[in-house]
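Okay, structure first, notes after.
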Amino acid sequence: MQATAASVTANSDLDRQIEQLRECEIIKENEVKALCAKAREILVEESNVQRVDSPITVCNVPYINYLFMGNFVDRGFYSVETFLLLLALQVRYPDRITLIRGDHESRQITQVYGFYDECLRKYGSSTVWRYCTEIFDYLSLSAIIDGKIFCVHGGLSPSIQSLDHICTIDRKLEVPHDGPMCDLLWSDPEGETT
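Residues -6 to 187 (our numbering) make up the sequence shown, in order.
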């Protein structure tokens, strides 16, 4: 019975944080730390290729499933709140929310494009930035909907021949400058083809 009461309290706290983040209000640093720890417990168990069932809403930049396809930060004035809201939603609804990594879920990129500075401005230190960027390393690289529709932030890699190959990639690190993981996150179209 005690575990149930603790679960209700945890969900109540999470619901409050979700509502606060939806209002673009930051949550306390210790709450960010706890949220990231809980998210890590979920994400560490996920595959590089997340299997997702329809019906689903695919979201690029819960009665149905939602797939968010990366680049959660470095966009606008509320990157911290946006990422933490998505993380809180995944912790609250782990069977309904899927987050995959984009090219901006990177320590190097966030230091150039503003997420690092936003964390400093809102929290007064880089601690929340570190919590968030550690979570980036645990985000899945891709998803497959109903075993048929392959979803990835960037594109395909010439060195990947199968989904099984993607599953073997060590994703729990900073995005490399080349190779299969880099391709999955960074392979943007090059304009018109003839």
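Heads up, the beta-carbon is just placed ideally off N, CA and C, and yes, glycines get one too.
Residues near residue i by beta carbon distance below 8 Å, same chain, minus five either side
i    : result
I49  : I57, N58, Y59, L60, I138
I159 : N41, V42, L134, S135, I153, P173, L177
D191 : With the chain running from -6 to 187 in the structure shown, residue 191 is simply not present.
L79  : F61, F65, I90, L92
Residue span of the beta strand (DSSP E) that contains residue i, given as start and end
i   : result
N58 : 58 to 61
Q43 : 42 to 45
T50 : 49 to 52
L92 : 90 to 92
Sequence-distant residues of the same chain with beta carbon closer than 7 Å to residue i, five excluded per side
i    : result
P87  : I35
Y124 : V25, K26, C29
C175 : V168, P169
R100 : T126, E167
D46  : N58, D139
L7   : A81, V84, R85
C-alpha gap between residue i and residue j, whole angstroms
i    : j    : result
V84  : V66  : 18 Å
L132 : S180 : 18 Å
V51  : R68  : 18 Å
L156 : L113 : 38 Å
H146 : L77  : 19 Å
I20  : Q10  : 7 Å
F70  : E111 : 8 Å
R33  : K141 : 27 Å
E16  : G148 : 33 Å
C144 : T103 : 23 Å
C-beta atoms of residue i and residue j nearer than 8 Å
i    : j    : result
G95  : G63  : yes
Y109 : S119 : yes
V73  : K31  : no
E38  : V121 : no
Residues sharing a beta bridge with residue i, DSSP
i    : result
F143 : I137
Element boundaries [alpha helix (DSSP H), containing residue i]
i    : result
K26  : 22 to 36
T103 : 100 to 106
E74  : 72 to 85
V121 : 120 to 129
D181 : From DSSP, D181 is part of no alpha helix (DSSP H); its letter is neither H nor E.
D157 : 156 to 160
Below-8 Å beta-carbon distance, residue i vs any chain D residue
i    : result
D110 : Checking the listed chains, one finds no chain D in this structure; it contains a single protein chain.
Same chain, Cβ closer than 6 Å to residue i, neighbours up to 5 away in sequence not counted
i   : result
E12 : none
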